[in-house]
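Asker: Chains as they are written, first to last, in this note's numbering: chain A, 4 to 495; chain B, 4 to 495; chain C, 4 to 495. Where a beta carbon is used, it is the ideal one built from N, C-alpha and C, also for glycine. Quick caveat, the model's predicted, so the values are computed rather than measured.
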Amino acid sequence: MAWRRGKLTAILLIFEVVFIVLFGILVVYDDEANATAKQNSLTPDQPGGADADNNVLRAYYPMFQDVHVMMFIGFGFLMTFLKKYGFGSVGFNFLVAAFVLQWATLMSGFLHLHHGKIVVSITTLLTSDFAAATVLISMGAVLGKVSHIQLIIMAFVEIIFFSINEWVGLTFFKAVDVGGSMFVHTFGAYFGLALARVLYREDMHGHSKEGSVYHSDIFAMIGTVFLWLFWPSFNAALAPGDDQHRAVINTYFSLAACAVVTFAISSAVEKDGKVNMVHVQNATLAGGVAVGTSADMMVHPWGALLIGSLAAVLSVVGYSYITPFMADRLKIHDTCGVNNLHGMPGVLAGIIGAIVAAVASPAQYGNSVYQIFPARAPIANSSELATIQAAFPAIEAGSGRSAGLQAGFQMAALIVTLLIALVTGALTGLLLRLPIWDHPEKDSLYEDEDYWEIPEEETADMNGSLEGVGHKKPDSRARTESDTNNEQDTKV
Amino acid sequence: MAWRRGKLTAILLIFEVVFIVLFGILVVYDDEANATAKQNSLTPDQPGGADADNNVLRAYYPMFQDVHVMMFIGFGFLMTFLKKYGFGSVGFNFLVAAFVLQWATLMSGFLHLHHGKIVVSITTLLTSDFAAATVLISMGAVLGKVSHIQLIIMAFVEIIFFSINEWVGLTFFKAVDVGGSMFVHTFGAYFGLALARVLYREDMHGHSKEGSVYHSDIFAMIGTVFLWLFWPSFNAALAPGDDQHRAVINTYFSLAACAVVTFAISSAVEKDGKVNMVHVQNATLAGGVAVGTSADMMVHPWGALLIGSLAAVLSVVGYSYITPFMADRLKIHDTCGVNNLHGMPGVLAGIIGAIVAAVASPAQYGNSVYQIFPARAPIANSSELATIQAAFPAIEAGSGRSAGLQAGFQMAALIVTLLIALVTGALTGLLLRLPIWDHPEKDSLYEDEDYWEIPEEETADMNGSLEGVGHKKPDSRARTESDTNNEQDTKV
Amino acid sequence: MAWRRGKLTAILLIFEVVFIVLFGILVVYDDEANATAKQNSLTPDQPGGADADNNVLRAYYPMFQDVHVMMFIGFGFLMTFLKKYGFGSVGFNFLVAAFVLQWATLMSGFLHLHHGKIVVSITTLLTSDFAAATVLISMGAVLGKVSHIQLIIMAFVEIIFFSINEWVGLTFFKAVDVGGSMFVHTFGAYFGLALARVLYREDMHGHSKEGSVYHSDIFAMIGTVFLWLFWPSFNAALAPGDDQHRAVINTYFSLAACAVVTFAISSAVEKDGKVNMVHVQNATLAGGVAVGTSADMMVHPWGALLIGSLAAVLSVVGYSYITPFMADRLKIHDTCGVNNLHGMPGVLAGIIGAIVAAVASPAQYGNSVYQIFPARAPIANSSELATIQAAFPAIEAGSGRSAGLQAGFQMAALIVTLLIALVTGALTGLLLRLPIWDHPEKDSLYEDEDYWEIPEEETADMNGSLEGVGHKKPDSRARTESDTNNEQDTKV
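#1: Pull up the DSSP beta-bridge partners for B:Tyr32, would you.
#2: Verify whether the separation of the beta carbon atoms of B:Asp451 and B:Phe133 is less than 8 Å.
#3: Which of the three DSSP states is assigned to C:Leu116 in this structure?
#4: Could you give the C-beta distance for A:Leu128 and A:Phe165, rounded to a whole number, given that I count them as a contact under 8 Å?
#5: Quick one, are the C-beta atoms of C:Val359 and A:Leu15 less than 8 Å apart?
#6: Report the residue ranges of all alpha helix (DSSP H) runs contained in full by the stretch 364-423 of chain A; include only those spanning at least 4 residues, in chain order.
#7: If we ignore side chains and look at the alpha-carbon of each, how far apart do B:Ile382 and B:Ala416 end up?
#8: Short of 8 Å Cβ to Cβ, which residues in the stretch 350-383 of chain C face chain A?
#9: For the stretch 83-108 of chain B, list every residue whose C-beta sits within 7 Å of some C-beta in chain A, in sequence order.
#10: Leaving out the 5 sequence neighbours to the left and right, which residues in its chain are closer than 8 Å to C:Leu309 when beta-carbon positions are compared?
#11: In three-state terms, what does DSSP make of A:Glu470?
#12: DSSP on A:Leu448, reduced to helix/strand/coil?
#13: Please state if the CB of C:Leu11 and the CB of C:His151 are separated by a distance shorter than 8 Å.
#14: Helix, strand or coil for B:Leu437 per DSSP?
#15: With 8 Å as the threshold, decide whether the Cβ of B:Asp245 is near any Cβ in chain C.
#16: Under a CB-based cut-off of 8 Å, is C:Gly9 close to chain B?
#17: Please tell me whether A:Ala192 and A:Asn253 are closer than 8 Å, where the distance is taken between their beta carbons.
#18: Taking one C-beta from the stretch 336-344 of chain C and one from the stretch 362-369 of chain C each time, how about it: are there three or more such pairs within less than 8 Å?
#19: Do we get a CB-CB distance below 8 Å when we pair B:Ala134 with the residues of chain A?
#20: In angstroms, rounded to a whole number, what distance separates the CA positions of B:Phe78 and A:Val283?
#21: Between the Cα of B:Asp220 and the Cα atoms of B:Trp455, B:Gln367, B:Leu202, B:Thr83, which residue gives the shortest distance?
#22: At 4 residues or longer, what runs of the alpha helix (DSSP H) sit wholly inside the stretch 279-333 of chain C?
#23: Report the three-state DSSP secondary structure of A:Glu456 (helix, strand or coil).
#24: Apply the 10 Å Cβ neighbour rule to A:Val251 and answer buried if 16 or more other Cβ atoms are within range, or exposed otherwise.
#25: What is the C-beta distance between B:Ala352 and B:Thr296, in whole angstroms, given that I count them as a contact (C-beta under 8 Å)?
#26: Could you list the residues in the stretch 212-223 of chain C with a C-beta less than 7 Å from some C-beta on chain B, going in chain order?
#27: So if I threshold CB-CB distances at 8 Å, which residues from the stretch 304-318 of chain C count as touching chain A?
#28: How many Å lie between A:Asn168 and A:Ser257 at the Cα?
#29: Taking 8 Å as the limit between beta carbons, can you name the residues of its chain near B:Leu198, skipping five residues before and five after?
#30: Nearest to B:Gly209 by CA position, among B:Val292, B:Ile335, B:Leu81, B:Val372, is which residue?
#31: What are the start and end residues of the alpha helix (DSSP H) that includes B:Ser211?
#32: Given a cut-off of 8 Å, decide if A:Gly403 and A:Met185 are closer than it, judged by their beta-carbon atoms.
#33: Thinking C-beta only, is A:Ala293 closer than 8 Å to A:Ile355?
#34: Just to make sure I have the definition right: I need the residues of chain B whose C-beta is within less than 8 Å of the C-beta of A:Val263. Which are they?
#35: Where are the alpha helix (DSSP H) runs, 4 residues long or more, that stay fully inside the stretch 195-246 of chain B, in chain order?
#36: So that I know if they touch, is there some Cβ in chain A lying closer than 8 Å to that of B:Pro438?
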């Protein structure tokens, strides 16, 4: 397959050159990051100056870095459970996410141009990371079953539809989804599942290399635990003030309950009452998804515990019964079980969000109800708006929606997200079936060998110790020139 | 042991339902996280509003997340050194900590009710994480020797006594312990050791599965290094202003010296001058414990180095000589050596705290001495208090204690902590010896097999490469329905 | 080699005692961390008080902790790729870095005394971490080829010359280098390479233990990904306001492009178009180095993408062609390939910094040009300075340099850094060749056995499962007294 060399290289370099050109034409620094902006020429004593300690970077940076860790360590290591696909899991996760950070900055920027320019600041970096999450979730559904080239094409296409769907949901439906459970998790999961359905082949299911080994399951726990720890940042990063504080508390408690109930239900569905590592690695996180849409709402700490508990039950049941059913009967093979971690909990999150929106009243939220659900604020120039703004000047004019109407739009956004994800995922699957993308054969499934230089193998020597047997060349950083020359000979 | 399935499930679900009910009755958001609170209806320009950038969340969140990482990655991976107990180490650590986050919120809340309610904010999340540390330390003493059910019962009981002891120490003795070296580390260690003594069986000691293997020791280093890095946050998170800054500096230098001296002493006590990974994984952290009580005091950077150096000597000597002595002679078997990492360094921390308190004078601290040791502030309505408040308005009325008296109360808090930990730990051990908790037999010690679905095993095939031998079913996320049905057949 | 025990112990304890004494004589808390400082006796409502939420700790702490993680997790795990040197990689990294944190605080302090004292605050902790990076980079060049004692001596000597070179560059040349690409990366790499040249022996090259195994490459990815994620903090931590914000954005985009292009070029230079894990582990990070000097300048997002892309090409080509050439022809054996990750990208960073400085004008930067390049500010008491200060009071008097002159001094700093690094690295190599430092023999290269107590080995038993064969004693935390006594017998 020497021809593949040219192909991956060409595709990546073409994209990168296009990114550089489009960035050159369109992308500029936000004033808070622009040396030329006059506001930056103030002293630290003047709080209006971005040079002062109150640059907006400070407000977002810690949570941004938590989210950043979730994308690259969290998703990357969570997927290393496969015994022979560790390089691909953490490596292609890295490649795909780094690709999306750039492309999502552009794609989201196209939909939010300021005077014809894409303006980047710390919040851009954060939303590009959220976009990466969407693609990494879809990647989980097809992990080990597609080539790196197919992943890049998938990422490119998916970000287009993800951005459009989110824009429709936020701008047209004025739905709220602070933790992205609808626009990120639900979209990413069902896009990936539709794509997996179209790419389904019998040999993908029940494959001998699909399982884990003992230490690969421990590597995967690095991903799980970092995702679990930093999920409050994911759900709260873009919320203001007390909403942010509440989103942290709700997500923390939802996840704590989810972890406990996952162990309870895992032990109930497994024989002998043992606990299944698959559930611990994945279902413990469903509470973060399920509370995502309502994280900044007044669900109260007990509500957060309840949401997390329900998510755990749903997710473990999904892994034990629904995933096998989907693979056997519906020909939807879901390598990481994203339906159970992101899909069904994402739908649950959307429904909970609608229910909580339906009962949200000024009596319970004060004027904050107009901040959390901006479309509920009275329309511009109304006397109602003037009254509210007198008490809470930051409220902007909205659509004067009732609680019920807001709930309806929440459900509409969820349903449209599901539809767009399924349709565009299936279409992307058809695109990926084109033979030019190097779709892997059976022997290459769930296996790094075809994509990576693999170091000499481990074996047991006479003394029972593990070491390389040396039938491959050492994978040295300082290999000899003859090594390099040998490689040159084999190049086409 | 099919009966165990029902038991773990029932215990966890009962606790979770009780938590949800108690949260529903008692737990409310702090005003800083409550949409209804009037203060949140202000614009970002008004610094009094919690919607503004100065919500208290911002002040605590970065250090909170560091502590959160310590609990779940730090303790979880530190314990993965056991060659066959990796799932239990990181998995049960996860379960126990998630359980404690909820239970400690309630238990601590019972002791600090506001108008009959438990008020939660970011500082609640932080103190619940500290409570989790206490239980995880105790868990280290009995790692691999108790069932998951025993761990949950232990956590439930321990948090009750931990909360009471801390309340006595802080409220009654007015002792200070910014890094929790007495109330968290000393308590957790001696509670666990007393419990380990009561649960001692001959077969626990010198067991063939108690050791590590090469790569499990590297997994453990993930835990060690994250604990070491974020310990300044642990010791400083709850301190204000310059006290917090000083606690960071003192902990950083104490740990740096501790790491260097650990290597020095490890090489001195091991044959051939080799370094022992057990010491590097554990004794390097003793400096964080030993400086915990005095971290916000004026110990000066040289004092921090000295404290860290002493802690390293104490801890390495503990691992090399005291732990074997305790196991052989006192029948106290300490799987992780918590006596050396948390116990003795915690006592050292308490003594150092008392010494530094005994020499703390207004000449050295200015009026800050009344902030760091609140009981030393003059009594209410005294003229001394008025003078101090004129210069430092945040000082509140205290008990007018002398330096020596404060030192005495510091020692009293340490001794009471030791006594309560030993007595309640022993009693909890008796409780755990009840046969209903599934105490593991010899063959189940230090071994995941009895508690976890283990993936197919690794072996060397004909070509010398490691892969699954397939005599167990693949641990696939997408196993076939027949797998599931087979399991159903074996259920009771 | 029982004699080694005394040696490592003696060297480390002597250094630690000297550190404690020098800290006692010289090191004091900064006012922001000093209880005695009058400013700390204010209420939280008075923003001037360090007890208020605006203690300088808050501004630096999140990025400091990111950098801290880079040093100990990032560098430590990145080097665990070697199949039999995992303990040494993460363990000696830990020892060396902890040693340097203390020594660099002193050494840098000697060059910046305030009234005869070394004043420490959070920025001291941060710059000591940067100094540690320099030594850890040099360590990468000689990884597995020197004893722990040699590493400590190297660290001691290198910090002296690192501090002097940085002082010359910043104070004398007034060069700017916000991310330390010249003073940290270039210095550390070429110091290490010169040292490696002097220590070169034929048996170091093409050694059977120099390679990785499958799971050691995954451990290394923990290091890679954390370095990649937190590099924006490394480059931005010391910059103010919008400069910091810009440095984050530039580093983020440079690294994203670098990761994508690394995959492209790796697949191009490897046979069959496979991707090489060595490149993914290392070359993906070159973009962080290459943008380091210019990170706070107006390179624009497209410029950042371009810089990262160039760095990836340079680094992958380095690993594939230059490293083998250097080892075979120049007898410079570079274990981790630091020339490709830190050396050449560091030189590239310096050149880019000079070019961007040469075109920096007030038209493009506003008055910020005098903040980013302080030497370009007009001289003291000039009317130009007064005009600028009227608009931007924080600007201080400079040297009135032109853009071209600043560029010239940037290049001068780069060249001097290269010269000092090469000369002092070579001299340090001569020092390390003294026989007293236990230079490892061929059989001890890239191998933990000589330095560490290694746990019993893994092997395949009859049932094909991996477990210890028990021909060594269990590495228990609670070993029996007879174990300890046996050891005592073997001590000299």
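Answerer: With the structure as the only source:
#1: B:Val123
#2: no
#3: In the structure shown, C:Leu116 sits in coil (DSSP, three-state: anything other than H, G, I, E or B).
#4: Contact flag wrong, Cβ pair sits at about 17 Å.
#5: no
#6: 365-368, 372-375, 386-394
#7: Counting only the Cα atoms, B:Ala416 lies some 22 Å from B:Ile382.
#8: Gln367, Tyr368, Gly369, Asn370, Ser371, Val372, Gln374, Ile375
#9: Thr83, Gly89, Phe90, Val93, Gly94, Phe97, Leu98, Ala101, Phe102, Leu104, Gln105
#10: Ala260
#11: Residue confidence for A:Glu470 is low, a pLDDT of 41 falling below 50, so the modelled location carries little weight; the figure read from the coordinates is stated next. If DSSP states are grouped into helix, strand and coil, A:Glu470 belongs with the strands.
#12: coil
#13: yes
#14: coil
#15: yes
#16: yes
#17: The Cβ atoms of A:Ala192 and A:Asn253 lie no closer than 8 Å to each other.
#18: no
#19: Not an interface residue.
#20: B:Phe78 and A:Val283 have their C-alpha atoms spaced approximately 17 Å apart.
#21: Distance check between B:Asp220 and each of B:Trp455, B:Gln367, B:Leu202, B:Thr83 places B:Thr83 closest, using alpha-carbon atoms only.
#22: 280-285, 289-293, 303-320, 326-332
#23: It is a strand residue.
#24: Label assigned to A:Val251: buried.
#25: B:Ala352 to B:Thr296, Cβ: 4 Å. Contact.
#26: His218, Phe222
#27: Pro304, Trp305, Leu308, Leu309, Ser312
#28: 27 Å
#29: Excluding residues within five positions, the ones whose Cβ falls inside 8 Å are Ser141, Ala144, Val145, Met157, Gly428, Ala429, Thr431, Gly432, Leu435.
#30: B:Ile335
#31: No alpha helix (DSSP H) holds B:Ser211; DSSP gives it neither H nor E.
#32: no
#33: yes
#34: Leu15, Phe18, Glu19, Leu98, Ala101, Phe102, Gln105
#35: 217-239
#36: no
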